Amino acid sequence: MNTPESREGNVIRYAVYLIGYVMVFAVVKLVTRKSPLHVWDLILFGVVAAMILLFYVYRYNRENRFFARDFKLPWLGNFSAVVLLTLVLTATRISISYLQAYGKIPLYDFQTIYLNSQSTGMFWFLIVVQGIILPILQEFLATGFLFNYAFRRDSVQVAVVGIIVSGLIFSVLNYQSSLINFIIEAIYGMLFAGSYLYSQTIYMPIYLAILSSVLTVIMV
Numbered sequence: 003m004n005t006p007e008s009r010e011g012n013v014i015r016y017a018v019y020l021i022g023y024v025m026v027f028a029v030v031k032l033v034t035r036k037s038p039l040h041v042w043d044l045i046l047f048g049v050v051a052a053m054i055l056l057f058y059v060y061r062y063n064r065e066n067r068f069f070a071r072d073f074k075l076p077w078l079g080n081f082s083a084v085v086l087l088t089l090v091l092t093a094t095r096i097s098i099s100y101l102q103a104y105g106k107i108p109l110y111d112f113q114t115i116y117l118n119s120q121s122t123g124m125f126w127f128l129i130v131v132q133g134i135i136l137p138i139l140q141e142f143l144a145t146g147f148l149f150n151y152a153f154r155r156d157s158v159q160v161a162v163v164g165i166i167v168s169g170l171i172f173s174v175l176n177y178q179s180s181l182i183n184f185i186i187e188a189i190y191g192m193l194f195a196g197s198y199l200y201s202q203t204i205y206m207p208i209y210l211a212i213l214s215s216v217l218t219v220i221m222v
């Protein structure tokens, strides 16, 4: 039960991590419901988010001791891959923003929240939360913990299934009410999962997820 070899233990641990994410997400909803932002709500968010984030980091680093990696490419070890993925993300996010501006693609839920408030405080809160905190937590859940607990066999079929499942989980964690946006986020999630398997380090998908989310916020 205390190692990633235990299936029952993995299910319980993943459920606990998921509950932690739901707690953070619920507090975010509580904060964004009010405009202007309330100081005590922000303090509550800071405490809950810091607690869950530190818990994720501690658990992920501890569990990684049980795995022997065939290799571990530094996330900047292949600079050309990082640059290419950065350009792809930037170009696609700009394209999506363009289509949203013309009503071809629905706005994300948090974009609607910002447009309804039009406040500087809400913008910076979304940069921190939607652009940084939530993407980090999502990548721990959708890639780090997921691939530690499942899809661990070294085969192409397992990797492909893992990437698809990871993308779907990533999209679910983003909780988009539009089917189109759900599909878009699932595709991004699959891209992030592929970068994780390629680099064998959590830093690559975290960087890509943060970049993608920050671009989405600033292009409202």
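With the sequence shown counted from 1, adding 2 to any position gets you the numbering used here. Glycine included, every Cβ here is placed at the ideal spot set by N, Cα and C. Since the structure is predicted, the reported quantities are computational estimates derived from the model, not experimental observations.
Nearest neighbour of residue i, chosen from the options [CA to CA]
i, options, result
"Ile107", "Asn183, Tyr23, Arg154 and Gly22", "Asn183"
"Val33", "Pro137, Thr145 and Ser119", "Ser119"
"Ser97", "Ile186, Phe147 and Ile14", "Ile186"
Residue i burial status per 10 Å Cβ neighbour count (16 or more: buried)
i, result
"Gly48", "exposed"
"Leu210", "buried"
"Ser197", "buried"
"Thr114", "exposed"
"Asn66", "exposed"
"Ala17", "exposed"
"Tyr60", "exposed"
"Phe81", "exposed"
"Val26", "buried"
"Ser201", "buried"
"Leu56", "exposed"
"Leu136", "buried"
"Ser173", "buried"
Alpha carbon of residue i to alpha carbon of residue j, nearest angstrom
i, j, result
"Gln132", "Leu139", "11 Å"
"Gln178", "Glu10", "30 Å"
"Leu101", "Met53", "37 Å"
"Gly191", "Ile134", "15 Å"
"Asp43", "Ile14", "30 Å"
"Ser99", "Ser8", "44 Å"
"Arg155", "Val167", "15 Å"
Cut-off 8 Å between Cβ atoms - residues of its own chain near residue i, not counting five sequence neighbours on either side
i, result
"Leu199", "Phe149, Ala161, Gly164 and Ile165"
"Arg95", "Ser214, Leu217, Thr218 and Met221"
Pair within 8 Å by beta-carbon distance, residue i and residue j
i, j, result
"Leu39", "Gly169", "no"
"Leu128", "Tyr23", "no"
"Leu117", "Val41", "no"
"Leu143", "Ile171", "yes"
"Val29", "Val50", "yes"
"Leu217", "Thr88", "no"
"Asn12", "Tyr110", "no"
"Phe153", "Tyr62", "no"
"Tyr58", "Tyr19", "yes"
Contact set for residue i: own chain, Cβ-Cβ below 7 Å, skip 5 residues either direction
i, result
"Phe112", "Leu128 and Gln132"
"Ser37", "Ser119, Ser121 and Met124"
Cβ neighbours of residue i in the same chain (closer than 6 Å, five flanking residues each side left out)
i, result
"Pro207", "Glu141, Thr145, Phe194, Ser197 and Tyr198"
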